[in-house]
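Down below is the structure, laid out as structure tokens.
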Amino acid sequence: MRIKLINPNTTQSMTDKIALAARAVAAQGTEILAVSPTGGPVSIEDHYDEAYAVPGLLGEVRIGETQACDAYVIACFGDPGLDAAREIARGPVLGIAEAAMHAASFVATGFSIVTTLTRTCVMARRLVDRYGFSTVCRGVHGTDLPVLALKDPASDAYALILAQCERALKQDGSGAIVLGCAGMADLCTRLSASLGVPVIDGVAAAVKFCEALVGLQL
Ligand code: 2AL
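When you read off a place in the sequence shown, starting at 1, and then add 68, the result is the number in the numbering used here.
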């Protein structure tokens, strides 16, 4: 099966990182076609960026419909353009926030979201409500790390995110962490080993759910 993985921002190095995370969990026989649109924001960190990213994202879904794609993953935690993409795709379209929240609810009675800039927390909280996870999501925590700082070794991103996850687990009394940015995908295994609780990267979760849905012919 072919899954089109769309990073709706235009930063190619982030698309490459997300593609690695997707391929690491993809089943044998699953092809990951990883792309970012040619136009749009370099990162998505507010409502304007989200709106600006949607035309390029939908363009990639339209192209995907001519590329025999069986399913799509929108690899940005705001799930931009999700409903619109579903209207034009024949196969399943999964947003990484929605996929991660579902996965977390399967393995914990409560989860915490740890994300990038504090100003994106309001966007994540709205998704929590929209997807019906208000009683399962016990907190949304920013790290004040901009998306593009995640790939900068000088930003000390791993240590900052680890510390915020530790605080979130304690403060919220939750049993799992949902990573609130596709750019955190490469930190997931290490964080899970350090924290001793499930840490969910929505990119990996969405790929596995796509495989399941396509396998079920849904
Ligand atoms: C994101 C994400 O996943 N990709 C992006 O550009 N921005 N999410 C976020 N909370 O900052």
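Just so it is clear, CB atoms sit at the ideal spot from N, CA and C, and this is done for glycine as well.
This structure is a prediction, so every number in the text was calculated from the model and none was measured.
Original post:
Is there contact here, the stretch 188-204 with the stretch 263-280, by at least three beta-carbon pairs under 8 Å?
Top reply: no
Original post:
Shortest alpha-carbon distance to G200 belongs to which of L218, D212, M169 and Q80?
Top reply: The closest CA to that of G200, considering only L218, D212, M169 and Q80, is found on M169.
Subject >> Continuous beta strand (DSSP E) assignments of at least 3 residues falling wholly in the stretch 104-169 >> reply: 139-142 and 161-163
**OP:** Grab me the residues of V103's own chain with a C-beta within less than 8 Å of its C-beta, minus the 5 sequence neighbours each way, in chain order.
**Re:** K72, L73, I74, N75, T83 and E128
**OP:** Have a look at the DSSP bridge pairing and note the partners of C249.
**Re:** Per DSSP, C249 has no beta-bridge partner at all.
Original post:
Apart from the five residues on each side of it in sequence, which residues of its chain come closer than 6 Å, Cβ to Cβ, to A90?
Top reply: L73, I100, V271 and V275
**OP:** Under 8 Å by Cβ, that's how I've got A230 and G210 pegged, so tell me the actual separation to the nearest angstrom.
**Re:** Per the sequence shown, residue 230 should be read as Leu rather than Ala. With a Cβ gap of about 15 Å, L230 and G210 do not count as contacting.
**OP:** Indicate the three-state DSSP secondary structure (helix, strand or coil) for V93 in the structure shown.
**Re:** helix
Original post:
Secondary structure at L286, three-state DSSP: helix, strand or coil?
Top reply: coil
Original post:
Does the pairing of the stretch 176-191 with the stretch 237-245 give three or more beta-carbon distances under 8 Å?
Top reply: yes
**OP:** Check whether the Cβ atoms of A112 and A143 lie closer than 8 Å to each other.
**Re:** For the sequence presented, residue 112 should be read as Ile rather than Ala. Not closer than 8 Å, so no.
Subject >> Cross-strand partners of G207 (DSSP beta bridge) >> reply: S180
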